[in-house]
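Working notes, beginning with the structure itself.
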Amino acid sequence: MSRILIIAEHDGAALSPSVAKTVACAAQIDAAQIDVLVLAASAADVAAEAASLDGVNRVLTIENAANEKPLAAVLAPQIVAATEGYSHVFGPSTTFGRDLMPRVAALLGVNQVSDIMSVEGSHTFKRPIYAGNAVVTLDAPAEHVVVATVRTASYKAVAGGSSAPVESLAIEAELPSHTRYVSTQAGASDRPDLQTAAAVVSAGRAIGSEENFDLIFALADKMGAAVGASRAAVDAGYCPNEMQVGQTGKIIAPDLYIAIGISGAIQHLTGIKDAGTIVAINKDEEAPIFEVADIGLAGDLFQIVPELTNAL
Amino acid sequence: MDKILVGLKRVVDYNVRVRVKSDGTGVETDGVKMSINPFDENALEEALRIKENGGASEVIVVSIGPSEAQQQLRTGLAMGADRAIMITAEEAPDSLTCARALLSIVEREQPGLVILGKQAIDDDNSQTGQMLAALWGRPQATFASELAIDGDTATVTREVDIGMETIEIDLPAVVTVDLRINEPRYVKLPDIMKAKKKPLDELALADLGVEQAPAFAHTNFAPPAERERGIMVDDVAGLVAALKDKGLV
Ligand SMILES: Cc1cc2nc3c(=O)[nH]c(=O)nc-3n(C[C@H](O)[C@H](O)[C@H](O)COP(=O)(O)OP(=O)(O)OC[C@H]3O[C@@H](n4cnc5c(N)ncnc54)[C@H](O)[C@@H]3O)c2cc1C
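Listed in order, the protein sequences are those of chains A and B. Letter by letter, the first sequence follows residues 91 to 402 in my numbering. Letter by letter, the second sequence follows residues 10 to 258 in my numbering.
Laid out in structure tokens, this is it:
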């Protein structure tokens, strides 16, 4: 039987939505027992949330003041100490998991399966490579623990409403002091979260300035949508980095994605492959984005976007 | 600090539209343009700037894989690296084996800093830097968009999902960089000539005494599910109607 340990991402107060998706992936493995591990300064609230997820058998907590912020070098040795008896250790393929899980894998002496998009068997997985231009099927050796990250855009969150038992773990691990948290600069936004929103409106280089981005915000707010951007728009300083969608930004799967003044480079498209409906607004009828768009409108965004905002 | 070690991976150029071989055994790489992994160029640029600002005395570039990667090392030398180490292996090894090989170079060279790209654009794994830091027992600062060295510590700004995170790490350490950290310099012709005279050591992975990590079997490569081209509408009214039709607004 597979025993899967999922490392919970959270901000100290609430569980990240990435965890319910990681559980959904783990639940694809036959006869899996799924435990969630919460490392925190004080774990109760986050653990209670994790315990409510369907399919979770047990929630384990490791409380330590050093776990206040998720520093990979501090968390990894504690996770390793907790993995005894598990056949799989999973984390989400968010920046949290991408930073942390390879460190865990190396300490356990195994390679990592990055970005699982499909479970084909307890040790067989599919994952995207070359910016999503190819999908590889791989077999992880059965005699070793499988350490993996889960491409959250490939999975729908499991429902809540259950109540798994919560147990606190006492582990012994030497924690380093060579890595210290200083600060976070988060774009305070009351808009929906880019990674979980049902609708996303994104703008590219064509938006031209930070001020012009207000056009995009206005449309998004009218629709209750999150706001994204291409790398070119972020690089030009029109919007902050956390809005970037694509190979090196966020991989998202909203029901509706509206790409405005975005050409459709492969590195951008890899971030929206699983979107339900893609709408493209671009003044160049030949733009590659139209090859993947379900609905295309050729024209000048500075005309179309205000008109669309009014029409909705 | 004395030395900075930078990893350069040879990958299919980012402009190439990669195709899966029809028999599903891999992707087409014959006759395809190869380049330095873009993030690794940023890693090297950052190391060169630290050196030019007096923060280090030597920049060493290292690559692991088929010996053709010497081309990418030569480019790295032309950009300004002082010397290169080619660790040859028949195929680019898995991440953990790479990390072990890098660790053996780290033990030999004792760099104050290792800078790598945050991911390679071929396998998109994003693992080697974190693994090296783990095996070395040293700090890691991944996805860096700003790096400031101050004596024995570094302050690193990292691009994370919620925005930017700043951490402080003791050196030596491993930093993996994002594209936004800098704009890599262009190589000039005279630099290419000069680079030919710079030292490039070749070692076989097998001779490093590195244990091969448990590897995955890659059993099939397939193209991704294609999205179909949809409809074009003429105006905003048409767009709104199409969205209403799908129940999206
Ligand atoms: C290693 C690597 C990783 C990368 N990762 C990412 C990533 O994660 N995400 C990402 O997005 N990119 C990424 N890129 C960059 C990517 O290759 C493209 O350069 C980028 O996506 C282009 O952004 P864009 O579409 O906004 O700009 P452009 O390609 O410049 O396109 C602008 C578009 O706007 C249209 N336009 C101009 N004016 C108007 C107007 N008035 N009205 C309507 N349309 C107009 C133009 O016709 C054009 O199609 C990466 C590149 C590399 C090398």
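Even glycine gets a Cβ: it sits at the ideal position worked out from N, Cα and C.
If you draw a straight line from the Cα of residue 224 of chain A to the Cα of residue 37 of chain B, it is about 11 Å long. B:232 is the residue among B:208, B:232, B:95 and B:76 whose C-alpha sits nearest the C-alpha of residue 218 of chain A.
In terms of beta-carbon proximity, residue 328 of chain A stays away from the interface with chain B, with every pair separated by 8 Å or more. Pairing residue 106 of chain B with residue 153 of chain B gives a Cβ-Cβ distance that is not under 8 Å. Every beta strand (DSSP E) of 3 residues or more that sits fully in the segment 162 to 194 of chain B is shown, in chain order, as 162 to 169, 172 to 179 and 182 to 186. From the listed residues B:81, B:221, B:40 and B:245, the smallest Cα separation to residue 49 of chain B is found for B:81. With distances taken between CA atoms, residue 336 of chain A lies nearest to B:130 out of B:102, B:130 and B:90.
The C-beta of residue 108 of chain A has 16 or more other C-beta atoms within 10 Å across all chains shown, which makes the residue buried. With a threshold of 16 other beta carbon atoms within 10 Å, residue 290 of chain A meets it and is buried.
Look at the segment 225 to 238 of chain B: the residues with a C-beta under 9 Å from a C-beta of chain A are 225, 226, 227, 228, 229, 230, 231, 232, 233, 234, 235, 236, 237 and 238.
About 4 Å separates the CB atoms of residue 193 of chain B and residue 54 of chain B; that is less than 8 Å, so the two are in contact.
Comparing alpha carbon positions, the residue from B:247, B:242 and B:17 closest to residue 125 of chain B is B:17. Between the segment 182 to 197 of chain A and the segment 134 to 152 of chain B, the count of C-beta pairs closer than 8 Å reaches three or more; the two stretches touch.
Taking C-beta atoms as the reference points, residue 358 of chain A and residue 299 of chain A fail to come closer than 8 Å. Close to residue 134 of chain B, with beta-carbon spacing below 7 Å, are these residues of chain A in chain order: 204. Look at residue 216 of chain A: its beta carbon is at least 7 Å from all of the heavy atoms in ligand 1.
Within chain B, the residues whose beta carbon sits less than 8 Å from that of residue 268 of chain A are 147, 148, 178, 179 and 182, listed in sequence order.
Listed in chain order, the positions of the segment 251 to 275 of chain A with a beta carbon within less than 9 Å of a beta carbon of chain B are 266, 267, 268, 269, 270, 271, 272, 273, 274 and 275. The C-alpha of residue 161 of chain A is placed about 8 Å away from the C-alpha of residue 270 of chain A.
Of all residues in the segment 154 to 184 of chain A, the ones placed with a Cβ closer than 8 Å to any Cβ belonging to chain B are 161, 162, 163, 166 and 184, in chain order. Taking every protein chain shown into account, the CB of residue 353 of chain A has 16 or more other CB atoms within 10 angstroms, so this residue is buried. Note that the C-beta distance between residue 209 of chain B and residue 113 of chain B is not below 8 Å. Taken in chain order, the complete beta strand (DSSP E) segments of 3 residues or longer contained in the segment 105 to 146 of chain B are 122 to 126. Using a CB distance cut-off of 8 Å, residue 157 of chain B does not count as an interface residue toward chain A. The beta carbon of residue 311 of chain A sits no closer than 8 Å to any beta carbon of chain B. Cβ contact annotation for residue 166 of chain B (same chain, cutoff 6 Å, sequence separation greater than five): 154, 155, 173 and 175, in chain order. As summarised for the segment 309 to 337 of chain A, the continuous beta strand (DSSP E) elements at least 3 residues long and confined to that stretch are 316 to 319, given in chain order. Pairing residue 196 of chain B with residue 84 of chain B gives a Cβ-Cβ distance under 8 Å.
Rounded to whole angstroms, the Cβ separation of residue 317 of chain A and residue 237 of chain A is 34 Å, and the two are not in contact under 8 Å. Annotation: residue 207 of chain A is outside any beta strand (DSSP E) and is labelled neither H nor E by DSSP. The contact set of residue 169 of chain B on chain A, defined by CB atoms closer than 7 Å, consists of 185 in chain order. Cβ-Cβ separation between residue 11 of chain B and residue 121 of chain B: approximately 6 Å, consistent with a contact (criterion under 8 Å). In the three-state reduction of the DSSP assignment, residue 225 of chain B falls in the coil class, being assigned neither a helical nor a strand state. Interface flag for residue 120 of chain B against chain A is unset, since no Cβ pair is found closer than 8 Å. The segment 155 to 164 of chain B makes no contact with the segment 250 to 258 of chain A, as fewer than three CB pairs between them are under 8 Å.
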